[in-house]
Amino acid sequence: MAHGHVNNVQVSVGQTIAAGQQIGTVGMLNNGRGPTELQINRTDATPVLTHCPANFGTPAFNDAFRAEALRLNGSSTVCTVETVRP
3 MAHGHVNNVQ VSVGQTIAAG QQIGTVGMLN NGRGPTELQI NRTDATPVLT
53 HCPANFGTPA FNDAFRAEAL RLNGSSTVCT VETVRP
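Residues in the sequence shown are numbered consecutively from 3, following this note's numbering.
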């Protein structure tokens with residue numbers, strides 16, 4: 003997995019992570035307005051995809067994320083596309 007705009011990384015290359023495990027904290031590129039992206043490197047024949055993190059958060063997380071995006075950016079749009087190929 004690759005991640006963008008993350009500070010205080012708490013995992014190592016090759017480490018297995020569990021659902022819900024914190025891997026770091028949100029980075030502050032552009033005063034916290036930089037994009038957040040998770041790139042999942044799959045081991046099967048499926049192409050590598052990137053995913054909008056808001057599609058995987060709890061409802062409470064997503065609500066808080068959107069509220070902060072609205073406060074910082076004037077828009078509650080989290081991701082412009084649901085999944086894209088890198």
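Glycine residues also receive a C-beta, built at the ideal position from the N, C-alpha and C atoms.
The structure presented is a predicted model; accordingly, all values stated were derived computationally and were not measured.
Straight-line gap, residue i to residue j (C-alpha atoms, nearest Å)
{"i": "THR27", "j": "ALA71", "result": "16 Å"}
{"i": "GLY76", "j": "PRO61", "result": "21 Å"}
{"i": "VAL18", "j": "ASN9", "result": "Here residue 18 turns out to be Thr, not Val, going by the sequence shown. Each residue's Cα considered, the two are about 19 Å apart."}
{"i": "THR79", "j": "VAL13", "result": "28 Å"}
{"i": "LEU74", "j": "ASP65", "result": "14 Å"}
{"i": "ALA20", "j": "PHE63", "result": "17 Å"}
Best match in the options for proximity to residue i [C-alpha to C-alpha]
{"i": "PHE58", "options": "SER77, GLY22, VAL11", "result": "GLY22"}
Cβ separation of residue i and residue j, assumed to be a contact under 8 Å, to the nearest whole Å
{"i": "VAL1", "j": "ILE25", "result": "Within the shown structure, residues of the chain are numbered from 3 to 88, placing residue 1 beyond reach of any answer."}
8 Å Cβ cutoff, residue i in contact with chain B
{"i": "GLY76", "result": "Of the protein chains in this structure there is only one, and it is not chain B."}
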